[in-house]
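2 protein chains.
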Amino acid sequence: MKQTISEQTTSPRNRLLDVAERLFSEQGYEAVTMRDIADAMGVRQASLYHHVPGGKQQLYVEVVERAMARHRLALEQAVASAGPHLRDQLLAASRWLLDHPPVDLVRMVNSDMPALSEEHSRRLTRLTFEALLLPLASAFRTARERGEHNNPADLLLAGSFLAMMDAVQVGARFSSMTKDAMANNLIDTLLFGLLAR
Amino acid sequence: MKQTISEQTTSPRNRLLDVAERLFSEQGYEAVTMRDIADAMGVRQASLYHHVPGGKQQLYVEVVERAMARHRLALEQAVASAGPHLRDQLLAASRWLLDHPPVDLVRMVNSDMPALSEEHSRRLTRLTFEALLLPLASAFRTARERGEHNNPADLLLAGSFLAMMDAVQVGARFSSMTKDAMANNLIDTLLFGLLAR
DNA sequence: TCCCGCCTACCTACTAATTAGTAGGGTACA
DNA sequence: TGTACCCTACTAATTAGTAGGTAGGCGGGA
Numbered sequence: 065m066k067q068t069i070s071e072q073t074t075s076p077r078n079r080l081l082d083v084a085e086r087l088f089s090e091q092g093y094e095a096v097t098m099r100d101i102a103d104a105m106g107v108r109q110a111s112l113y114h115h116v117p118g119g120k121q122q123l124y125v126e127v128v129e130r131a132m133a134r135h136r137l138a139l140e141q142a143v144a145s146a147g148p149h150l151r152d153q154l155l156a157a158s159r160w161l162l163d164h165p166p167v168d169l170v171r172m173v174n175s176d177m178p179a180l181s182e183e184h185s186r187r188l189t190r191l192t193f194e195a196l197l198l199p200l201a202s203a204f205r206t207a208r209e210r211g212e213h214n215n216p217a218d219l220l221l222a223g224s225f226l227a228m229m230d231a232v233q234v235g236a237r238f239s240s241m242t243k244d245a246m247a248n249n250l251i252d253t254l255l256f257g258l259l260a261r
Numbered sequence: 065m066k067q068t069i070s071e072q073t074t075s076p077r078n079r080l081l082d083v084a085e086r087l088f089s090e091q092g093y094e095a096v097t098m099r100d101i102a103d104a105m106g107v108r109q110a111s112l113y114h115h116v117p118g119g120k121q122q123l124y125v126e127v128v129e130r131a132m133a134r135h136r137l138a139l140e141q142a143v144a145s146a147g148p149h150l151r152d153q154l155l156a157a158s159r160w161l162l163d164h165p166p167v168d169l170v171r172m173v174n175s176d177m178p179a180l181s182e183e184h185s186r187r188l189t190r191l192t193f194e195a196l197l198l199p200l201a202s203a204f205r206t207a208r209e210r211g212e213h214n215n216p217a218d219l220l221l222a223g224s225f226l227a228m229m230d231a232v233q234v235g236a237r238f239s240s241m242t243k244d245a246m247a248n249n250l251i252d253t254l255l256f257g258l259l260a261r
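As you go down the protein sequences, you meet chains R and W in turn.
Each number in the numbering used here corresponds to the 1-based position in the first sequence with 64 added.
Each number in the numbering used here corresponds to the 1-based position in the second sequence with 64 added.
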């Protein structure tokens, strides 16, 4: 039975974006078929094209755009409202990242982007860079300017932090530690060093 | 013109495994078609089935088996012959890892494995675990037993180290730093801590 | 030394299934 | 009455995989 528009908690188009985002982020662009998405929504494949006339590419592009806009806002917010210490900022960022599907940068760059048109590929790569790397790199940079550390490779640190959070998400499937415990351990190790002093 | 068997530098089957390994590791299981592999070898798609009667699945399984056997040997060797200090062991491991295509564990677990049969999936997951995580985890463990550090989460450290090396490979595409410089920076940061003391 | 059968490596030509996408119709709600 | 949403029914392209044939190097026997 069909829902009345007024009793729909969310629009069908948003539901489509939600479902597609989950599948794309789990399996990547090529591995997800329009049929998979339609099945997950309980709808026929052809019906998807009513909401996304541009087809699979447009769907993927909109999903990534929306997700990256969210990540960017949330990470900037997390860093800004965590106080002046790098450790608290990284903890806040980790809490956001671990509460959402992992962003597999390696797969995005190597598999998903090449399957898209050149301009879409470049745009999404830039958006992802700005949403995930820049807020973290900026936290590392200002911490350095405050004298908390003196490592000049902000982007390297940001990328490596992101990769560590992805590792935590994979590890959570095989380990008994909680995600938060893993993240806390890694962040303190990164900040204070592994070697005993 | 066809090569004489005696003057072939490597068997066609090994060439197939090499080409497939490159493509699979770049793009993942589903994104690579048998046609892609055949094209890259300069051969017709149907000819692949002469070397791998089991088809795409068997090809992928053999590729991963071979790659993981190599990684396991090389990493154990690197750690063993790098002397007693964790730093030298990690540097040796990083040199090996950065000289080979990155192993995207997130993609393997989330995309590639679910496309395989249950038993193949479990076997390859175990092989990958033993080849990549265990040698590194063992290095962290023995370093702890020598008193170099006191972080008990060997596997977490190993996974996170691997993820950092993957991040270096992605970063090398966008940064002007060399892979080795990035790896050195990250290893020293991990060991001695980011925060100024 | 020459010839014959065998095997490796490849080919052409197909099949069945699956893919993204299109055309056009129905139905319920505003 | 129009429109948002979903449907059935199709198409063309691509996919993994099969059937069966061919060219040529190789070893063994006369």
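Cβ atoms here follow ideal geometry from the backbone N, Cα and C, with glycine treated the same way.
Per-residue DSSP class, three states only, for residue i
i, result
"Leu180 of chain W", "coil"
"Leu191 of chain R", "helix"
"Leu258 of chain R", "coil"
"His213 of chain W", "strand"
"His269 of chain R", "Residue 269 of chain R is absent from the structure shown; chain R starts at 65 and stops at 261."
"Gly147 of chain W", "coil"
"Arg108 of chain R", "coil"
"Gly92 of chain R", "coil"
"Val234 of chain W", "helix"
"Thr74 of chain R", "coil"
"Val128 of chain R", "helix"
"Pro199 of chain W", "helix"
Nearest neighbour of residue i, chosen from the options [CA to CA]
i, options, result
"Ser75 of chain R", "R:Thr97, R:Glu90, R:Met105", "R:Met105"
"Asp152 of chain R", "R:Gly257, R:His184, R:Asn248, R:Glu90", "R:Asn248"
"Leu161 of chain R", "R:Arg86, R:Ser89, R:Asp230", "R:Asp230"
"Thr192 of chain W", "W:Tyr113, W:Ser224, W:Leu112, W:Arg130", "W:Arg130"
"Thr189 of chain R", "R:Val173, R:Leu200, R:Ala179, R:Gln109", "R:Val173"
"Gly196 of chain R", "R:Leu154, R:Leu259, R:Ala179", "Checking the sequence shown, residue 196 of chain R turns out to be Leu, not Gly. Closest option to Leu196 of chain R, Cα to Cα, is R:Leu154."
"Val170 of chain R", "R:Leu250, R:Leu200, R:Asn214, R:Gln91", "R:Gln91"
"Val167 of chain R", "R:Leu250, R:Ala201, R:Tyr93", "R:Tyr93"
Per-residue contacts from residue i into chain W (C-beta, under 8 Å)
i, result
"Arg171 of chain R", "Gly92, Asp168, Val170, Arg171, Ser175"
"Asn78 of chain R", "None at all; the shortest Cβ gap to chain W is about 24 Å."
"Asn249 of chain R", "Asn215, Ala217, Leu220"
"Ser239 of chain R", "Leu219, Leu220"
Length of the line joining the Cα atoms of residue i and residue j
i, j, result
"Leu198 of chain R", "Val127 of chain R", "20 Å"
"Phe204 of chain R", "Leu150 of chain R", "7 Å"
"Met246 of chain R", "Ala102 of chain R", "36 Å"
"Gln122 of chain W", "Ala142 of chain R", "46 Å"
"Glu212 of chain W", "Ala222 of chain W", "16 Å"
"Gly59 of chain W", "Leu80 of chain W", "In the structure as shown, chain W begins at 65 and stops at 261. Residue 59 of chain W is therefore absent and cannot be evaluated."
"Val107 of chain W", "His164 of chain W", "25 Å"
"Thr206 of chain R", "Pro216 of chain R", "11 Å"
"Arg99 of chain W", "Ala157 of chain R", "43 Å"
"Val42 of chain W", "Asp252 of chain R", "Nothing can be reported for residue 42 of chain W, as the shown portion of chain W is limited to 65 through 261."
"Phe88 of chain R", "Glu182 of chain W", "22 Å"
"Met132 of chain W", "Glu140 of chain W", "12 Å"
"Ala95 of chain R", "Gly257 of chain R", "39 Å"
"His115 of chain W", "Arg77 of chain W", "6 Å"
"Ala84 of chain R", "His135 of chain R", "17 Å"
"Gln109 of chain R", "Arg208 of chain R", "51 Å"
"His184 of chain W", "Asn214 of chain R", "47 Å"
"Ala201 of chain R", "Arg237 of chain R", "28 Å"
"Arg187 of chain W", "Ala146 of chain W", "30 Å"
"Leu259 of chain W", "Ala179 of chain R", "41 Å"
"Leu112 of chain W", "Asp176 of chain W", "21 Å"
"Leu250 of chain R", "Pro117 of chain R", "44 Å"
"Asp218 of chain R", "Val125 of chain W", "39 Å"
"Lys243 of chain W", "Lys243 of chain R", "29 Å"
"Glu194 of chain R", "Arg210 of chain W", "43 Å"
"Leu254 of chain R", "Leu220 of chain R", "13 Å"
"Val232 of chain W", "Val232 of chain R", "17 Å"
Closer than 7 Å to chain R by CB, residue i
i, result
"His213 of chain W", "yes"
"Met65 of chain W", "Any reading at Met65 of chain W is ruled out, since the residue's pLDDT is 35, under 50, leaving its predicted position unreliable."
"Val107 of chain W", "no"
"Gly223 of chain W", "yes"
"Met132 of chain W", "no"
"Met228 of chain W", "yes"
"Ala231 of chain W", "yes"
Contacts that residue i makes with chain R (C-beta to C-beta distance below 9 Å)
i, result
"Gly147 of chain W", "Those do not exist, as Gly147 of chain W stays about 16 Å from chain R at its closest Cβ, beyond 9 Å."
"Gly235 of chain W", "Leu219, Leu220, Gly223, Ser224"
Minimum Cβ-Cβ distance from residue i to chain W less than 7 Å
i, result
"Ala203 of chain R", "no"
"Ala84 of chain R", "no"
"Ala110 of chain R", "no"
"Ala156 of chain R", "no"
Within chain R, the residues that residue i reaches when beta carbons sit closer than 7 Å
i, result
"Ser185 of chain W", "Residues of chain R passing the Cβ test: none, with the nearest at roughly 13 Å."
"Thr253 of chain W", "Asn215, Leu254"
Within chain W, partners of residue i - CB distance below 7 Å
i, result
"Phe256 of chain R", "Gly257, Leu259"
"Met246 of chain R", "Leu220"
Under 8 Å from the C-beta of residue i: neighbouring residues of chain R
i, result
"Ala104 of chain W", "Going along chain R, no residue has its Cβ under 8 Å from Ala104 of chain W, so there is no contact; the nearest lies around 15 Å."
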